[in-house]
Amino acid sequence: MRVILGFGLGLLVTLLALAIGVVLGWRALRQPPHRTWANLILVGASIFGVAAHAFWFFASMFVFGVR
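Per this note's numbering, the sequence shown starts with residue -9, numbered consecutively.
Here it is, written out as structure tokens:
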């Protein structure tokens, strides 16, 4: 039980860190000097990563369950 809760907590912390990175990246893209293709690709990949991570977090909690 503790392992599952620890795993879920780790996933949640990682999800929050990814979300903070997406917000900071999005804010950086609003400034013209930082609006490059490389930054656009990195922010896009981060948004995709957040979506995939959120799906994995909720799917794992559904499969393993927390009681």
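By construction, the Cβ of each residue, glycine as well, lies at the ideal position given by its N, Cα and C atoms.
Bear in mind that the values here come from a model prediction, so they are computed numbers and not experimental data.
Can you round the beta-carbon distance between residue i and residue j to whole angstroms, since I take them to be within the 8 angstroms contact cut?
i	j	result
Leu8	Gly39	6 angstroms
Leu1	Ser36	In fact, because the Cβ distance is near 16 angstroms, the residues do not count as touching under 8 angstroms.
Leu5	Ala44	6 angstroms
Work out the CA separation of residue j and residue i for me, nearest whole Å.
i	j	result
Arg17	Leu30	11 angstroms
Gly(-2)	Ile10	18 angstroms
Leu14	Leu32	12 angstroms
Val53	Arg(-8)	16 angstroms
Ile(-6)	Pro23	44 angstroms
Go ahead and label residue i buried or exposed: buried means 16 or more other beta carbons lie within 10 angstroms of its beta carbon, across all protein chains shown.
i	result
Val12	buried
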